[in-house]
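Engineer: Have a look at this one before I ask anything.
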Amino acid sequence: MTDVFDAVLGQDRAVAALRHYAEHPVHAYLFTGPAGSGMHEALVAFTAALQCPDHGCGTCEACRLALTGADSDVTFALRSGTNWQVEEFAEAERVSRRRPLGVGHQIVVIENVELSTGSSAKLLKILEEPPTRTIFLLTAEALPESLVTIMSRCIEVPFSPLSIETITDYLTRDGFDALTARAAATASGGDLRRAQVLVRDTELAARIATWQSIPDRLDGVSAHVSALAIELSASIDAALAPLLVLQEEEMDRLVAEAKSLGQRSVSRRKDIESRFKREQRRFRTEDLRFGLSALTHVYRQRLVEGLEGLDDGDRRSRVMASGAIRCIEAIDAASRGLQQNIDELLMITNLLLTLSRQ
Ligand SMILES: [Zn+2]
């Protein structure tokens, strides 16, 4: 039997639960798990399964409308800033009170509810006593304390990071050789999208080399620091290229599907584009973190060399070891301060200045 969940990779337990829930729905579900685990794809499949008379056959009109985002009874709430605003939840509540136009449910999706500092009370309120044909689908990539009460109002559907084997299999089926596929899967941390980008990233080794060349290139001249910071930021731009191609392909696919359904445009375009933007920011942050860890590696080696020299009572080794420790600490602090909306160039420049002073 094939159905809408067949496209969800390596999440057998969540999918089995969702198949069951599609037949016996309650008013609110909370999908939890990391980005790139297939949680978003499973959620879209679940909307189809909820609307389909056969609980997600994948071929009927209800399924196709939901899968392409063209079902007017399925609404993805839109977030304009980093955090959900009370008014945005109020708008979601207004939609949730509408009678569905079709024979299915009124489905309201609110993604990343962990970003509701200051507005979670409103979210909690809208989950109270929704109309009988309304279903809320929430997602969260983290579970802060503030979500505990919200969780108690929903059925949780947990997703784990995908296994290296699942991602390797997927990439080899997609035409990549087993060795490259496995390397990308291993480096991806269970994030399929990240693996899809890494496997296409031919410049990865060159970028690591750039980050590792930093200590030798810091000579205390601030103009050199600025140039190096710009070079690093540009290398992150380049790293994003495969992601942009994947996103373009996804949009082309949605446009073609919308056309085959006789629609002029993709219905949820704005939502999809904002998801793409979030994904680009997430990848930039991850790439930066990746670069920082490559840089830490160089200073760790210096630390080891310095400590070895210490045994001989060498003064230069002592200076080298303590300098390396301060550098590692500075990189660690920068890495911990990474957020998606950070001023990346400023952060790199400040870090390089700190490193050049050691
Ligand atoms: Zn169907």
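For the record, in the sequence shown the residue sitting at position 350 is 354 according to the working numbering, with numbers rising by one throughout. C-beta: ideal position from N, C-alpha, C; glycine also. Bear in mind the structure is a predicted one, so any value in this text is a computation, not a measurement.
Taking the CB atoms as reference points, tell me whether F9 and G60 lie closer together than 8 Å.
Structural biologist: A contact, by the Cβ cut-off of 8 Å.
Engineer: What ranges does the alpha helix (DSSP H) occupy inside the region 269–316, keeping only unbroken runs of at least 4 residues that lie completely in it?
Structural biologist: 273–314, all fully within the region 269–316.
Engineer: Between D181 and S124, what straight-line distance do the alpha-carbon atoms span, to the nearest angstrom?
Structural biologist: Rounded to the nearest angstrom, the two C-alpha atoms are 46 Å apart.
Engineer: Any heavy atom of ligand 1 inside 7 Å of the beta-carbon of G60?
Structural biologist: Correct: G60 has its Cβ closer than 7 Å to ligand 1.
Engineer: Ends of the alpha helix (DSSP H) at L367?
Structural biologist: Because residue 367 is not part of the residues shown, which for the chain are 5 to 362, the question remains open.
Engineer: Kindly provide the ranges of any alpha helix (DSSP H) runs that are 4 or more residues long and lie completely inside the region 177–209, ordered along the chain.
Structural biologist: Whole alpha helix (DSSP H) segments, 4+ residues: 182–191, 196–202.
Engineer: Quick check: what's the CA-CA separation for D220 versus A325?
Structural biologist: Using only the alpha carbons, I get a separation of about 16 Å.
Engineer: What are the start and end residues of each continuous alpha helix (DSSP H) run of 4 or more residues lying completely inside the region 68–111, in chain order?
Structural biologist: Complete alpha helix (DSSP H) runs here, min 4: 90–100.
Engineer: For the pair the region 85–99 and the region 270–288, tell me if three or more CB-CB distances fall below 8 Å.
Structural biologist: As far as the Cβ criterion goes, the region 85–99 does not touch the region 270–288, which means the pair count is below three.
Engineer: Whole angstroms are fine: how far does the CA of V19 sit from the CA of H28?
Structural biologist: Answer to the nearest angstrom: the Cα atoms are 14 Å apart.
Engineer: Determine the direct distance from the alpha carbon of V48 to that of S230, and round the result to whole angstroms.
Structural biologist: Going by the C-alpha atoms only, they are around 44 Å apart.
Engineer: Spatial neighbours of A188 within its chain, please: CB distance less than 6 Å, with the 5 preceding and 5 following residues excluded, ordered by chain position.
Structural biologist: Cβ neighbours of A188 beyond the five flanking positions: A199, L202, V203.
Engineer: Which class does T214 belong to by DSSP, given the choice of helix, strand or coil?
Structural biologist: T214 falls in the helix class under three-state DSSP.
Engineer: So which of R103, T358, V99 has the shortest CA-CA distance to D223?
Structural biologist: Answer by Cα proximity: T358.
Engineer: Considering only residues of the same chain and omitting the five flanking positions on each side of S297, which have a CB-CB separation below 8 Å?
Structural biologist: Cβ within range, chain order: S339.
Engineer: Does any heavy atom of ligand 1 sit closer than 7 Å to the C-beta of T51?
Structural biologist: No - ligand 1 has no heavy atom lying nearer than 7 Å to the Cβ of T51.
Engineer: Given a cut-off of 8 Å on the beta-carbon distance, is the pair E145 and A39 in contact?
Structural biologist: Taking 8 Å as the Cβ cut-off, E145 and A39 qualify as a contacting pair.
Engineer: Go through the region 121–162 residue by residue and report every complete run of the alpha helix (DSSP H) that reaches 4 residues or more, in order.
Structural biologist: Here the runs fully enclosed are 124–130, 152–156.
Engineer: Give the DSSP-derived three-state secondary structure of T36 in the structure shown.
Structural biologist: Reduced to three states, the DSSP call for T36 is strand.
Engineer: Short of 6 Å in beta carbon distance, which residues of its chain neighbour G106, apart from the five on each side in sequence? Order them along the chain.
Structural biologist: Taken in chain order, the residues that qualify are D77.
Engineer: If I follow the unbroken alpha helix (DSSP H) through L359, where does it start and stop?
Structural biologist: First-last of the alpha helix (DSSP H) with L359: 348–360.
Engineer: Measure how close the beta-carbons of I335 and L292 come, nearest whole angstrom, since I'm counting them as under 8 Å.
Structural biologist: Between L292 and I335 the Cβ distance is about 11 Å, and since that is not below 8 Å, they are no contact.
Engineer: Taking 8 Å as the threshold (beta carbon to beta carbon), is C61 in contact with chain B?
Structural biologist: No chain B appears in the structure shown, which is made up of a single protein chain.
Engineer: Assign V30 to one of three DSSP states: helix, strand, or coil.
Structural biologist: Of the three classes helix, strand and coil, the one that applies to V30 here is coil, per DSSP.
Engineer: Per DSSP, what kind of secondary structure is V229 in: helix, strand or coil?
Structural biologist: V229: helix per DSSP, three-state reduction.
Engineer: With distances taken between CB atoms, is the gap from S41 to P165 smaller than 8 Å?
Structural biologist: Result yes, Cβ atoms of S41 and P165 sit closer than 8 Å.
Engineer: What are the boundary residues of the alpha helix (DSSP H) that H59 is part of?
Structural biologist: It is not in any alpha helix (DSSP H) - H59 carries neither H nor E in the DSSP assignment.
Engineer: Taking only three categories from DSSP, how would you classify V117?
Structural biologist: V117: coil per DSSP, three-state reduction.
Engineer: Run the CB neighbour count on D205, radius 10 Å, all protein chains shown included, and call it buried at 16 or more, exposed below.
Structural biologist: By the neighbour-count rule (16 or more Cβ atoms within 10 Å), D205 is buried.
Engineer: Pull up the distance between the alpha-carbon of V90 and that of L127, whole angstroms please.
Structural biologist: Straight-line Cα distance between these residues: approximately 8 Å.
Engineer: When the Cβ atoms of the region 108–124 are set against those of the region 133–145, are three or more pairs found closer than 8 Å?
Structural biologist: A contact exists between the region 108–124 and the region 133–145.
Engineer: What's the gap between the Cα of A4 and the Cα of A70?
Structural biologist: Outside the shown range of the chain, which is 5 to 362, sits residue 4, and nothing can be said about it.
Engineer: Given a threshold of 16 other Cβ atoms within 10 Å of its Cβ, counted over all protein chains shown, does I234 qualify as buried or as exposed?
Structural biologist: Exposed, since its Cβ has fewer than 16 Cβ neighbours within 10 Å.
Engineer: With 16 other CB atoms within 10 Å as the buried threshold, where does G37 fall?
Structural biologist: Per the 10 Å Cβ criterion, buried.
Engineer: What distance in whole Å lies between the Cβ atoms of A32 and R157, which are believed to be in contact at a cut-off of 8 Å?
Structural biologist: Confirmed, about 6 Å.
Engineer: Which class does V12 belong to by DSSP, given the choice of helix, strand or coil?
Structural biologist: Coil, per DSSP.
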